[in-house]
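Scroll down for the structure; my scribbles are underneath it.
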Amino acid sequence: MSKKTSAYLNAIANDNSLPIEQAALDLWLKDLQNPLRWGVRPLLQFIFAMLLHIIWFFKRLPLPQFSAHKHLQKLICWFCSHFVSREANLLILRHYATESNILNFLAANSPGSPANLVNLYPKSIADMQHASFVDHDQELFRLFAELGSWHHPEQPLKPTELSWQQWQPIDMSSFQLTEKRTQWLDFESAHALFMCLFCLLLTREEYRDAINGFNLDQSIAKRIADLIGDNTLTEMAYNKYPHYLVGPWNLGQRFLMHGFFTEHLYAYLEQRRIRKEH
């Protein structure tokens with residue numbers, strides 16, 4: 011961390027009170043120092059937040075619904091490969107892996123009939139056309155439906171009883187990115203542009219479900235906390251109360267905090283897995 015960096019960024023660069031892998035922290039700190047985040051992002055978020063609510067309003071009207079999943083995927087991947095910074099792209103790829111690992115850990119260790127596992131581990135931007143942004147949400151909902159009602163276990167599982175067979179530790183060297191000189195957009199500015207596309211190119215039900223799926227973070231944390239016996243995990247979830255459906259207001263922050271949640275929980279579980287092996 012440069013000496014010219016702010017005192018606050020120097021502080022959080024050394025703060026591991028919440029578990030997070032160093033690779034993710036380094037990417038985020040570099041993204042925070044992207045000058046466009048402080049100059050362009052506020053304007054983009056203001057303009058596109060208004061546009062988003064206009065699209066949301068028309069989507070809620072009793073009109074014929076349409077979606078264009080393939081076009082949505084191609085547009086986002088094209089934009090990522092040409093304009094989104096390397097750091098932001100790596101954070102996006104990491105998010106697929108962190109959430110897939112968490113959901114598979116939950117599925118492998120939940121009582122009752124096992125649910126089908128999530129297989130979304132893209133290694134490149136091109137892979138994201140197949141490990142789809144849309145599937146990312148739908149796989150979460152499918153898994154919860156297959157797991158069914160949660161019966162809180164009387165006792166957590168012993169460390170030796172936890173299954174890690176489906177766990178795939180993140181190897182940063184496995185991600186394949188070709189950098190271009192035009193790739194300069196930070197993570198949050200990119201999301202400000204993407205959120206209107208999602209609203210436009212999904213049906214109203216698909217979009218409503220996607221922006222409320224973040225609220226299952228609390229449920230995921232609670233279920234895993236029951237399994238391993240650590241009730242502090244629910245504190246990692248910023249997005250809470252899945253029965254309370256919300257609209258697109260404050261979407262950028264809720265989206266970002268969902269990403270932090272999966273990074274924190276993944277790092278926490280990875281630390282437990284490594285301790286078990288040693």
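Take any residue in the sequence shown, count from 1 to its spot, add 10: that is its number in my numbering. Glycine included, C-beta positions come from ideal geometry on N, C-alpha and C.
Nearest Cα to residue 273 within the set 48, 231, 91 and 210: 231. Out of 145, 240, 88 and 228, the CA that lies nearest to the CA of residue 248 is found in 228. Residue pairing for residue 134: DSSP places it in a beta bridge opposite 186. Residues 184, 185 and 186 of the same chain have their beta carbon placed closer than 6 Å to that of residue 133, with the five preceding and five following residues left out of the count. Under the DSSP assignment, residue 142 falls outside any alpha helix (DSSP H); it carries neither an H nor an E label. Following the DSSP letters along the chain, one finds residue 180 in no alpha helix (DSSP H), marked with neither H nor E. Taking each of 198, 287 and 206 in turn and checking the Cα distance to residue 48, the smallest one comes out for 198. Among the bridge pairs identified by DSSP, residue 195 is matched with 94.
Counting C-beta pairs closer than 8 Å gives fewer than three between the segment 111 to 127 and the segment 76 to 94, which falls short of the contact rule.
By the Cβ neighbour-count rule, residue 57 is exposed, with fewer than 16 other Cβ atoms within 10 Å of its own. A residue is called buried once 16 or more other Cβ atoms fall within 10 Å of its Cβ, and residue 18, having fewer, is exposed. For the options 242, 287, 54 and 179, the alpha carbon positioned closest to that of residue 107 is the one of 179. DSSP places residue 32 in the uninterrupted alpha helix (DSSP H) bounded by 32 to 42. Cβ-Cβ separation between residue 61 and residue 206: approximately 5 Å, consistent with a contact (criterion under 8 Å). In summary, residue 140 is exposed, with fewer than 16 beta-carbon neighbours lying within 10 Å of its beta-carbon over all protein chains present. Cβ atoms of residue 31 and residue 277 come within 8 Å of each other, at about 5 Å. Residue 151 counts as exposed, since fewer than 16 other beta carbons sit within 10 angstroms of its beta carbon. Pairing residue 23 with residue 39 gives a Cβ-Cβ distance under 7 Å. If you check the CB distance, residue 103 and residue 37 do not come in under 7 Å.
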